[in-house]
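FYI, the UniProt record's numbering numbers position 575 of the sequence shown as 575, with every residue one higher than the one before it.
These notes concern the structure reproduced below.
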Amino acid sequence: MTDKINNLINQWLKWDKNEITRKEIEQLKENNNEKELLVRLEERIQFGTAGLRGAMRAGFSCMNDLTVTQASQGLCEYVIETIEQSKSKGIVIGYDGRHNSYIFAKITAATFKSKGFKVYLFSHIVPTPYVSFAVPNLKAAIGVMITASHNPKNDNGYKVYWETGCQINTPHDKGISKKIDENLEPWSNVDATSDIKYGNGDDGESMIDPLSVITELYNKNIKEYSVGSKIELANEPIVYTAMHGVGGVYAKKAFETFQLKPFIPVAQQIEPDAEFPTVTYPNPEEGKGALKLSIETAEANNSRLILANDPDADRLAVAEKLADGSWKVFNGNEIGVLLADWAWTNRSTLTKGGSTLENNKYFMINTAVSSAMLKTMSEKEGFIHQECLTGFKWIGNAAYNAINNNDGTTFLFGYEEAIGFQYGDVSFDKDGVRAAAIFAEFALSLYKKGSSVQDHLESMYKRYGYHISKNRYFFCYEPSKMVSIFNKIRNDGKYLTKLGDDDDEQFTITRIRDLTTGYDNGYPDCKARLPVSSSTQMITFYFKNGGIATLRGSGTEPKLKYYVEMIGEVKSNVESTLTKAVELVINQLLKPIENQLEPPKDD
């Protein structure tokens, strides 16, 4: 065993007070497993704009009591230094139903309490959107949500919200990371093992439980988005799954707020269960495999609509039974444009005072890897469309900043293709709870008119053109391999000029935007207008036939993602062109066999 490894082991054992994770490292040492010890101890888990996310196990590179303690200490010092009166404003802390989430929340609470912060600690598991909503409504300085969202069961995470209720963005992540590095040794006056004492928070010991206040205020605010009293709704059953997560009781309350008939729960998945026993991945975005029990429940109850939240209830999946008896799982772009259309139709409910403004006084946002259909809608209807980078740290902050510019514009809706939706400005993050109630009302209004969600989507395609996309991924477990694949595509700046056969001009590449290097030949100076990050991989190709393909490395999972969209007036032509485009992107750009990329298990 090298001196380097021994020093790392000694450092870990000096600081870690958890017997389980101490024994993990001691056992690895006893087994002389140098390789695994280096994996666990050599690199620290990185704090980024998504906070922390990783596997729960011993080691500086993982999620555990010690790394959560260190993150909390660094965040605490950064907030004290950055936000005025941060201690009296306080911190809001929420947690999901995963293993160790409550323990990590207690560690965070005790750390901030030791520095004199007012601490709002939810007494029960909550959806991630509740923390985003609670921070500005309680006038807190900061919020932390302990969750790994839809990741596998062995993962957990630490998500940070600024005083605006938005996810943190650069440069806060770098400032927090620096403070973490300066505060690695656990503070001696922190006790995270005692039972939580709730009170008014003024006695220096007690913490405040915001659950009832926030639940009531949240539902009062989202009620403004309900139009059920003004239109007729069908009396049809809706099936809902919480995917073993936290959403059940909160979605139920949202349905009650909208005065909707109670949904039919997927019984096996409605209660929180950290083992996620009925699904391979607790991610409703995975499609029919993840929704198998939901479809069975819907069939048994003669329901044609399924709504699914992911485990922390910040995202929404939708499935509908079609006229031929088959089930369609709508992708994020389809749900996104449907909700955008609903927001546009009912824009007066999203306007202060309930009036209607000029069309060009409204704006909607989606990400650079989402469908161009929202942009097409904006051109036809006259509202403002804004494109931003991937993730709700961009959408939420863009919406917040635009609203607070006081330029007379009103934000309606923002979405990302990964089934994340922000309807209105109740909070500035994706929210699967309010999206579920809103979508239910939208669908029931269609059913009452003898239509369906799919029928309405088709009518939108007739109006705006068929925008059909295919988004998928390959697993890429080595960060260095991810970088290498993208660098091969860049080819020292000599990018491909076309895909496909020499005599097929439709996939001639007319524009390339590389948001890793900052290159974008769509502008005379070849400089990208969207923010550039050398630490993330993302390239977009624009084709002569109007198609778009984006390749991107995920920021939270070991996935190399591809997003391909084709646009046209004839559905069959668009679908066949899309199939060909996806094949070309995979074979000529990603090269999964050559690059040893692993496809998803259900492919």
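All C-beta atoms in this analysis are idealised placements derived from N, C-alpha and C, irrespective of residue type, glycine included.
8 Å Cβ cutoff met for residue i and residue j
i, j, result
"ASP16", "VAL246", "no"
"GLN506", "LYS544", "yes"
"ALA298", "LYS328", "no"
"LYS253", "ASN221", "no"
"ALA317", "ILE365", "no"
"PRO127", "ALA313", "yes"
"ALA105", "ILE146", "yes"
"LYS561", "ASN471", "yes"
"THR556", "ALA50", "yes"
"LEU412", "PHE363", "yes"
"GLU24", "ARG57", "yes"
"LEU291", "ALA308", "yes"
"GLY336", "SER370", "yes"
"ALA141", "LEU260", "no"
"ILE509", "TYR542", "yes"
"LEU8", "LEU41", "yes"
"ILE512", "ILE548", "no"
"ALA251", "ALA436", "yes"
Secondary structure of residue i, DSSP reduced to three states
i, result
"ILE93", "strand"
"PRO277", "coil"
"GLU441", "helix"
"THR170", "coil"
"ILE180", "helix"
"ALA192", "coil"
"ASN333", "helix"
"ARG529", "coil"
"CYS76", "helix"
"LEU412", "strand"
"THR356", "coil"
"TYR218", "helix"
"GLN422", "strand"
"PHE543", "strand"
"ARG490", "helix"
"TRP162", "coil"
"ILE395", "helix"
"TRP187", "coil"
"LEU211", "helix"
"GLN506", "helix"
"SER427", "coil"
Same chain, Cβ closer than 8 Å to residue i, five either side skipped, listed in chain order
i, result
"LYS571", "TYR461, TYR466, ILE468"
"GLU43", "PHE60, SER61"
"ASN404", "none"
Same chain, Cβ closer than 7 Å to residue i, neighbours up to 5 away in sequence not counted
i, result
"LEU457", "GLU334, LEU338"
"SER88", "LYS118"
"CYS526", "TYR519, ASP520"
"PHE133", "GLY165, ILE214, TYR218, VAL426, SER427"
"GLU224", "THR349"
"PHE47", "ALA71, ASP173, ILE176, SER177, ILE180"
"ASP195", "none"
"GLN454", "GLU320, LEU322, LYS328"
"VAL131", "VAL92, GLY94, GLY143, MET145, TYR161"
"PRO558", "PHE475, CYS476, TYR477"
"ASP341", "MET460"
"TYR464", "MET373, THR376, MET377, LYS380"
6 Å Cβ shell around residue i - same chain, five flanking residues per side excluded
i, result
"VAL135", "VAL92, GLY143, TYR161, GLY165"
"ILE270", "ALA242, GLY248"
"ASP155", "ALA55, ALA148"
"LEU28", "GLU36, LEU37"
"HIS99", "ALA274"
"LYS113", "VAL119"
"ILE295", "TRP327"
Beta carbon proximity, residue i to chain C, threshold 8 Å
i, result
"ASP209", "The structure shown has no chain C; it contains just one protein chain."
Is it a yes or a no for the region 441-449 touching the region 347-366, going by three-plus beta-carbon pairs under 8 Å?
no
(request) Answer yes if the region 493-501 comes into contact with the region 581-589, meaning at least three C-beta pairs across the two stretches below 8 Å, and no otherwise. (result) yes
Decide if the region 34-50 is in contact with the region 78-86; the criterion is three or more beta carbon pairs, one per stretch, under 8 Å apart.
no
For the structure I just gave you, are there three or more beta carbon pairs, one from the region 178-187 and one from the region 154-170, closer than 8 Å? no
Below 8 Å, how does it come out for the region 506-520 and the region 555-569: are there three or more Cβ pairs, yes or no?
no
**Asked** Three or more C-beta pairs closer than 8 Å, one from the region 414-425 and one from the region 376-393: is that the case here?
**Response** yes
- Is it true that the region 297-309 meets the region 252-269, where meeting means three or more beta-carbon pairs spaced less than 8 Å apart? yes
Item checked: Stretch-stretch touch, CB-based, cutoff 8 Å, three pairs: the region 203-216 with the region 227-246 -> no
(Q) With three or more C-beta pairs closer than 8 Å as the rule, is the region 190-207 touching the region 165-176? (A) no
Uninterrupted beta strand (DSSP E) stretches inside the region 238-310 (no shorter than 3 residues):
238-241, 305-309
| request: Please list the segments of the beta strand (DSSP E) lying wholly inside the region 26-66, counting only runs of 3 or more residues, in order along the chain. | output: 52-55
Checklist entry - For the region 77-153, which segments carrying the alpha helix (DSSP H) assignment without a break, of at least 4 residues, lie completely within its bounds, in sequence order? => result 86-89, 101-114, 128-137
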